[in-house]
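Novice:
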Amino acid sequence: MIDINLDPNMIVLGPLLITWHGFFSAVGLGIGMWLTARLVRGTAMTADDVYTIALAAVPGGIIG
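Sequential numbering of the sequence shown, starting at 1193, is according to the numbering used here.
1. Just list the alpha helix (DSSP H) runs in the segment 1196-1252, keeping only unbroken ones of 4 residues or longer that don't cross its boundaries, in chain order.
2. Are residue 1239 and residue 1249 touching if we call contact CB-CB under 7 Å?
3. Three-state secondary structure (DSSP) at residue 1254?
4. Less than 8 Å between C-beta atoms, sequence neighbours within five positions excluded: which residues of the same chain meet that for residue 1243?
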């Protein structure tokens, strides 16, 4: 059996704990929003529309 000794905690700053999973989830969301904002250039949507939709969709996805 393979045993991977990787600490799941990336940074601990007092009561704030940042895990590897949370960090890369945030990076993925940020890159996804940035890329989508670039892809909608020249269409009827604007980058602000992308960020507004993401502002509702991300918490909705976490809760739902």
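Where is the CB? At the ideal position from N, CA and C, for every residue including glycine.
Specialist: Result, derived from the coordinates:
1. 1212-1231
2. no
3. helix
4. 1225, 1229
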